[in-house]
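Q: As given, the protein sequences belong to chains L and P, one line each in that order.
For the first sequence, the positions run 126 to 602 when my numbering is used.
For the second sequence, the positions run -8 to 478 when my numbering is used.
Sharing a structure with you now.
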Amino acid sequence: MSWETVIGLEVHCQLGTRTKLFCGCPTGSFGQPANRFICPVCTGQPGVLPVLNRAAVELAFQAAMALECRLAERSVFARKNYFYPDLPKGYQVSQYELPFSRDGKLAIADKTVRIHRIHMEEDAGKLLHAIGSEELPYSLVDFNRAGVPLIEIVSEADMRTAEEAFDYLTNLKAVLQFGGISHCDMEKGELRCDANVSIRRPDAAFGTRVEIKNLNSFRAVRDAIVHEAARQAGVLEGGGTVVQETRLWDVAANRTEPMRSKEEAHDYRYFPEPDLVPLVAEEAWVARLRAGLPELPAARKARFMAEFGLSDYDSGVMTAERPLADYFERVVSVAGRPAAKAAANWVQSDFMARVKAEKADLAAVPVTPEMLAEVVTMVVSGKISGKAGKEVFARAWETGKKPAELVAELGLTQVSDEGELRAWVDAALDGNPKAAADVRAGKEAAIGSLVGAVMKLSRGKANPALVNRLIKEKLAS
Amino acid sequence: MSALTELSARALADGVRKGEFTARAVADAHLARVAAVDPKVQAFLKVLGAEAMAAAEAVDAKRAAGKPLGSLAGVPVALKDNICLTGAQTSCASRILEGYAAPYDATVTERLKAADAVILGKTNMDEFAMGSSTENSAYFPTRNPWDLERVPGGSSGGSAAAVAAGMAPLALGSDTGGSIRQPGALCGIVGLKPTYGAVSRYGLVAFASSLDQIGPLARSADDAALALSVIGGHDPKDSTSLPGPARDYLAESAGDLKGLRLGLPREYLESGLEPDMRRALDASLDALKARGAVVRDVGMPHTRYALSVYYIIAPSEASSNLSRFDGVRFGPRKTGPGGSLLELYEESRGAGFGPEVKRRIMLGAYALSSGYYDAYYLKAQKVRTLIKADFDAAFGEVDLLVTPTTPGPAFRFGEKTDDPLQMYLSDVFTLPCNLAGVGGVSVPAGLSASGLPLGVQFMARSGEDHLLVRAARAVEEAGLFKGAPAL
């Protein structure tokens, strides 16, 4: 009899605010020198008090709305007490018994995953255990991240395969990005995931669950679940029992390892944070937030199909990620709706290939949406050939120059002047008598080599559609 | 005492503003007084002589430039050492913060500076404000200026002693369960704990966040009123701070008492009072009655649970608030032989905290721990709600509650140190006020047979601290309390 894997995910997501949850320090510290974005509040100096960031609360509520959660009229912050050098106050301000939202849902391929709860909390700092090549006899702590606003999204144990978990994360990320709630950049720690995994015989009660941490990518989540489920099956089939514990995913070794039990033996001594008053969500404020919630991925995909005439597939690709959808929509807004299909093709082919190859940030690509729109427009209008368009795009990416400038500079303007084209056609027919004869004899396919010859003579500048017609006319006469 | 050190804060500010004397002369006189008597009293952990002189000179320069001066122009103020002042030691009288210089000003400190006050120094206290005698200071005990063999009370004992001994006309303390009012009573001065949220806690090193409140200690109700108007009012940095600006308490201190209803809570008097204390209380009531107030008994049935509730809630919050003192970012760091992180915590905290602080951290961690939370912390919160309800009910019938501030006058050093419960009981009259979040004031109301000050306490509805000032001033005007400590 086979085993069924039962999976629940806990996702920490950084809210896209300018400043931290309880002080005015900036949040954008990734890659910045340590301890640059700190103040008495986020380093837990004696005597400081937290002041709740309204923007963070708004984004948190919008996240809950996007995930169709029930919103609490009154929620309470709580202190989670534990000692660790990256935790400046010796407690983390979080929410415990009364979170601001519960009971949401998220659709994945062919099912709906229920969301148990979402709560707000502050991030901790970061320990730097070794500097340079030599191990130091101490650790250093960087408080840049301390106090950064997070939401923790806890799913129900509704997923049954690693693929479902992968889909859940993919869709969750899309919802959070499209909702303008978070950039969800895992590399910057803006999205983090822990997985609770157990196995059981189908229809049996849930098995003992194991929490897996240190999952640094969606792929790691998927791989870790597969391996952990197999490990648990091995334990049970060998007559053993699964121990409830926290395990760490070792991506290099491709297996989970138990975390030292000392590190997880916590009694967090939660109690309501006395330095903050309960958070009361007024109806009018909630309504305003709901009205201001940006378009979510499913709605945007449907709109791209309806407004731009994209196929289901193309629309799905264009709305896979918020930055891509934004980029695409900007291209269309400049190039015009009739060019939308062509724009989608350009974005999927040359553009994405380049972005992937260079791991480029969509917000800072050298070819702006306006520039790509220019390329698309020139190709669609026949000003340049598709081939020339590819060259212009590539050069624009490398140099940042305007496409029109590049077309002029490279002499790529497509020749559509019939007089000029006829000269090339005549030369091509003269140079390829066999192909010409074939076409005359009715072998339509042979026309390709004649067109190719014209393109060669014109160094790619001849308008191929026109050339095609002119050859046919010439040979038919 | 020179004449300047006998003047009230109000008179000093008036004099400086009018140019009758300079702020420099005022600071000089008070620093001289500190130099003369503090070796005996030991009220200050740190005297900021040079800084005070510079601040006083700045006030004089401001006046010379024709700029308007604030309401505490040139008034020397002593700060309890749990209130942050940029660049100055803020040790909370604990070893674990030895050498810690605050990187920012508390809101009250900012407001004092903005009112042109001159900060004289940081005063001694029970470590992290935990205690009622200032014997829990990790550095040295402060002595009561009225009798150097006795405690000044606590935890704001240094602030109370400094004011009583004429070293400062005004001091700030903090009150979590009586820590302003009790030393005020024992040192024969006015100690005012404002309504919770009336004064910003930003920059007050937290003991028990839901109970802590900063307030003034002064030799008169009017000076306390003046100080409260300066430090009070909404602060966006404190989410628990009440909306709106501070009232003009000084303008309200002389208000009418006619028809003011005073309540005498039976439960506070059940166990019987020492005859001296009874006399002081009765005399105060008579004085107020003579001014048109009416007195009646009220029942506050949950009062007897206040001590137990307090000693669950305050330590619970403290156990969390004091977690940040871990040897990582500030304070002396100690390491163990194994060099482990756990040892760093154990050694730093073990060496840094005194026994009373450790006792309360243990109590609080226990009350919050899984399996005990419901029985202790949660239950205590429920009873706290009942205690608040007692106050609400009483304030439906009366405007002010009147009680003794303490069971008796200042006690001798060591008298209560061996038995923590005895020490805790010295705050039995002042604790309920903090649990309810209302304001309270202690005003000197007589001397014991042994010649020591006795205080009575008034408590008012939330946000009606002006009534406290008014009642305290009326008691003062009755002349029940005379004299000054002989130093």
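For glycine and all other residues, C-beta sits at the position ideal for the given N, C-alpha and C.
Per DSSP, which one or two residues make a beta bridge with residue 3 (chain P)?
A: Per DSSP, none; premise fails for residue 3 (chain P).
Q: Does the CB of residue 479 (chain L) have a neighbour CB from chain A at under 8 Å?
A: Within the model displayed, chain A is absent; protein chains L and P are what it includes.
Q: Sorted by chain position, which residues of the same chain lie with C-beta nearer than 8 Å to residue 18 (chain P)'s C-beta, five sequence neighbours on each side aside?
A: Excluding sequence neighbours, residue 18 (chain P) sits near 43, 44, 46, 47, 65, 67, 109 and 111.
Q: Between the segment 310 to 339 of chain P and chain L, which residues of the former have a C-beta closer than 9 Å to a C-beta of the latter?
A: Of all residues in the segment 310 to 339 of chain P, 310, 311, 312, 313, 314, 315, 316, 317, 319, 320, 321, 330, 332, 333, 335 and 336 have a Cβ within less than 9 Å of some Cβ in chain L.
Q: By the 8 Å beta-carbon criterion, what residues does the segment 399 to 433 of chain L contribute toward chain P?
A: 399, 400, 401 and 402
Q: How should residue 468 (chain P) be labelled, buried or exposed, when 16 other C-beta atoms within 10 angstroms of its C-beta is the threshold for buried?
A: exposed
Q: With 8 Å as the C-beta to C-beta threshold (strictly closer), list the residues of the segment 58 to 90 of chain P near chain L in chain order.
A: 73, 74, 75, 81, 83 and 88
Q: Any beta-carbon of chain L closer than 8 Å to the one on residue 147 (chain P)?
A: no
Q: From the DSSP output, which residues share a beta bridge with residue 397 (chain L)?
A: L:203
Q: Taking the alpha-carbon of residue 163 (chain L) as reference, which of L:235, L:268, L:147 and L:210 has the nearest alpha-carbon?
A: L:268
Q: Should residue 302 (chain P) be flagged as near chain L, meaning a C-beta pair shorter than 8 Å?
A: Chain L places no beta carbon closer than 8 Å to that of residue 302 (chain P), leaving this residue out of the contacts.
Q: Under 7 Å Cβ-Cβ, which residues of chain L neighbour residue 356 (chain P)?
A: 394
Q: So, helix, strand or coil for residue 589 (chain L), using DSSP?
A: When DSSP states are grouped into helix, strand and coil, residue 589 (chain L) belongs to the helix group.
Q: Is any beta-carbon of chain P found at less than 8 Å from that of residue 168 (chain L)?
A: yes
Q: Would residue 185 (chain P) and residue 446 (chain P) be called neighbours here (beta carbons separated by less than 8 Å)?
A: Result no, Cβ atoms of residue 185 (chain P) and residue 446 (chain P) do not sit closer than 8 Å.
Q: Name, please, each residue of chain P whose Cβ falls closer than 7 Å to the Cβ of residue 208 (chain L).
A: 314, 317 and 336
Q: How should residue 317 (chain P) be labelled, buried or exposed, when 16 other C-beta atoms within 10 angstroms of its C-beta is the threshold for buried?
A: buried
Q: Considering Cα atoms alone, identify which of P:232, P:285 and P:238 is closest to residue 221 (chain P).
A: Ranking the options by Cα distance to residue 221 (chain P), first place goes to P:238.
Q: In chain P, which residues lie less than 8 Å from residue 143 (chain L) when you measure between Cβ atoms?
A: The contacting residues do not exist; residue 143 (chain L) stays about 18 Å from chain P at best.
Q: Return yes when the Cβ of residue 98 (chain P) is within less than 8 Å of the Cβ of residue 203 (chain P), no when it is not.
A: no
Q: Count the CB pairs spanning the segment 241 to 256 of chain P and the segment 386 to 393 of chain P that are closer than 8 Å, and state whether there are at least three.
A: yes
Q: Can you find a C-beta in chain P that's less than 8 Å from the C-beta of residue 508 (chain L)?
A: no
Q: Nearest-angstrom Cα distance between residue 223 (chain P) and residue 140 (chain L)?
A: 35 Å
Q: Assuming residue 216 (chain P) contacts residue 244 (chain P) under a Cβ cut-off of 8 Å, what Cβ separation, rounded to an integer in Å, is found between them?
A: 5 Å
Q: For residue 221 (chain L) and residue 274 (chain L), what's the separation of their Cα atoms in angstroms?
A: 16 Å
Q: Shorter than 8 Å from the beta carbon of residue 137 (chain L) to some beta carbon of chain P?
A: no
Q: Let me make sure I understand the geometry here. Which of P:242, P:29, P:73 and P:116 has the alpha-carbon closest to that of residue 458 (chain P)?
A: P:242
Q: My guess is that residue 181 (chain P) and residue 175 (chain P) are in contact by the Cβ rule of under 8 Å, so how many angstroms apart are they, rounded?
A: 6 Å
Q: Taking the DSSP output, what are the residues bridged to residue 237 (chain L)?
A: L:232
Q: Among the candidates P:81, P:62 and P:138, whose CA atom is the shortest distance from the CA of residue 177 (chain P)?
A: It is P:138 whose Cα lies nearest to the Cα of residue 177 (chain P).
Q: Please report the residue range of the beta strand (DSSP E) in which residue 321 (chain L) lies.
A: 316 to 325
Q: Could I get the ranges of all uninterrupted alpha helix (DSSP H) runs contained in the segment 4 to 50 of chain P, with 4 residues as the minimum, in chain order?
A: 14 to 32
Q: If you count every other CB in all the chains shown that lies within 10 Å of the CB of residue 131 (chain P), and 16 or more means buried, which is it?
A: exposed
Q: So which of L:239, L:583 and L:282 has the shortest CA-CA distance to residue 333 (chain L)?
A: The candidate whose alpha carbon is nearest that of residue 333 (chain L) is L:282.
Q: For residue 351 (chain L), name the three-state secondary structure that DSSP assigns.
A: Helix at residue 351 (chain L).
Q: List in chain order: all unbroken alpha helix (DSSP H) runs of 4+ residues lying wholly within the segment 149 to 196 of chain L.
A: Complete alpha helix (DSSP H) runs here, min 4: 179 to 191.
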